[in-house]
Structures are given as structure tokens and as C-alpha cells.
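**Student:** The structure is given below, and queries will be raised subsequently.
In the numbering used here, the protein residues as written are 264 to 426.
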């Protein structure tokens, strides 16, 4: 009787731990999808940051900053930010190219085009629906599909639905 009780408790604890681990995986997965979506939503601004953030004295164009020239001045934090942003943009661009090729092979470039129009070109889903002559919710559905694929390309195993 005592052994059966211990076995039941052990089984219960295993189920609780298994449920907790699965919940943690789901939360992590949702976070990865959220991060991927945020990266794509901020793609245009991140590109702008790389192009316009001033991190080196040579980048100063206005005369009012002449006193700083020749001092070897640089902003390390801005430089690091530009580098991290540039690396992420390079990863996004690589993943976008892989997605384009994948959807071209499947003869579904319209899905990729909708995704690109929304996240890279800044078009609304309504505009895309008009351009592609499809239902108003369809571009959003296609974009969600590609976000899931993009999350794996950017974050590897953490982007996989269930592992």
C-alpha cells in the first residue's frame, strides 16, 4: 500500500514536471515568434539606424563639431549597436533570400511577396489584399506562416514549434 502511494506520488510529480517543461517551451516559442515579428516590424528603422547613427568623428559633418576632430573620438556604445544591428540585418536578409527561394520552388511567391510588401516595404495588409486580389485576412495569414519559418532561420531550434 505504501509503495503504491509512493509510486502514485512519483507519477504525479513526473507529470507536473513534464507539464511545466512543456509550458516553458511554449512560452519560449511564443517569445521567439514575438521577437521575430518585432525584428521584422522594425526592419526599416534598423536599416536607417545603421545608415545614420554617428559613431566615429569622421561622420560628423556639421561645422559646430570641428573642435572634436582629430581627437580620435568615437562612441563605442553606438558603434557596438550599429554592428549588432548590421549583423541582425544581414541575418534577416539571408533568411529573406532563403524564404524567397523556398517559395519560388513551391510556386508560391505571392506569399513571400505579401510578407515582403508588409514588413520590408511597409504596405498595409489591406493594400496587399488589393494588389494581390485576395481576401482581406489572407496577407496576414501568409505573413504569420512566413514569420514561423523566419523564426527558425533566425533562432534555430528555439524557433521550432515543438522539439
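All C-beta atoms in this analysis are idealised placements derived from N, C-alpha and C, irrespective of residue type, glycine included.
What you are looking at is a predicted structure, and each value in this text was computed from that prediction instead of being measured.
1. Check each candidate in 398, 298, 369 and name the one with the smallest Cα separation from residue 416.
2. Quick check for students: name the residue ranges of the alpha helix (DSSP H) that lie wholly in the stretch 379-421, counting only runs of 4 or more.
3. For residue 308, report the span of its alpha helix (DSSP H) as first-last.
4. Under 8 Å between the Cβ atoms of residue 409 and residue 373?
5. Work out the CA separation of residue 310 and residue 383 for me, nearest whole Å.
6. When we look at the beta-carbon of residue 280 and count the other beta-carbons within 10 Å, is it buried (16 or more) or exposed?
7. Here's the rule: buried if 16 or more other CB atoms are within 10 angstroms of the residue's CB, otherwise exposed. What is residue 284?
8. Where residue 273 and residue 395 are concerned, what is the direct C-alpha to C-alpha distance, given to the nearest angstrom?
9. Judging by CA-CA distance, which residue of 365, 355, 397 is the nearest neighbour of residue 300?
10. Could you check the C-alpha separation between residue 350 and residue 368 for me, to the nearest Å?
11. Can you tell me which of the three DSSP states residue 270 falls into?
12. Quick check: what's the CA-CA separation for residue 316 versus residue 305?
13. So, with DSSP's three-state summary, where would you put residue 365?
14. On a Cα-Cα basis, can you pick out the residue from 386, 377, 313 that is closest to residue 344?
**Tutor:** The short version:
1. The residue given as residue 416 occupies position 153 in the chain shown. Ranked by how close their Cα comes to the Cα of residue 416, the residues 398, 298, 369 have 298 in first place.
2. Within the stretch 379-421, the complete alpha helix (DSSP H) runs of at least 4 residues fall at 388-395, 401-418.
3. One-based indexing of the chain shown puts residue 308 at position 45. First-last of the alpha helix (DSSP H) with residue 308: 306-315.
4. Taking the first residue of the chain shown as position 1, residue 409 is located at position 146. Taking the first residue of the chain shown as position 1, residue 373 is located at position 110. No.
5. Sequence index remark: in the chain shown, residue 383 carries index 120 (1-based). Sequence index remark: in the chain shown, residue 310 carries index 47 (1-based). If you take the alpha carbons of residue 383 and residue 310, they lie about 10 Å apart.
6. Position 17 of the chain shown, counted from the first residue, corresponds to residue 280. Using a 10 angstroms sphere on the CB of residue 280, the tally of other CB atoms stays under 16, which defines it as exposed.
7. The sequence position of residue 284 within the chain shown is 21, counting from 1. The C-beta of residue 284 has fewer than 16 other C-beta atoms within 10 Å across all chains shown, which makes the residue exposed.
8. Walking along the chain shown from the start, residue 273 turns up at place 10. Walking along the chain shown from the start, residue 395 turns up at place 132. Those two C-alpha atoms are separated by around 57 Å.
9. Here residue 300 corresponds to residue number 37 of the chain shown, with the count starting at 1. The shortest C-alpha to C-alpha distance from residue 300 to any of 365, 355, 397 is the one to 355.
10. The sequence position of residue 350 within the chain shown is 87, counting from 1. The sequence position of residue 368 within the chain shown is 105, counting from 1. The alpha-carbon separation between residue 350 and residue 368 amounts to approximately 27 Å.
11. Sequence index remark: in the chain shown, residue 270 carries index 7 (1-based). Residue 270: helix per DSSP, three-state reduction.
12. Counting from one through the chain shown, the residue named residue 316 turns up at place 53. Counting from one through the chain shown, the residue named residue 305 turns up at place 42. Inter-residue distance for residue 316 and residue 305 is about 16 Å (C-alpha atoms, whole angstroms).
13. Locating residue 365 in the chain shown gives position 102, counting from the first residue. The DSSP-derived three-state label of residue 365 is helix.
14. Position 81 of the chain shown, counted from the first residue, corresponds to residue 344. Per the Cα distances, 313.
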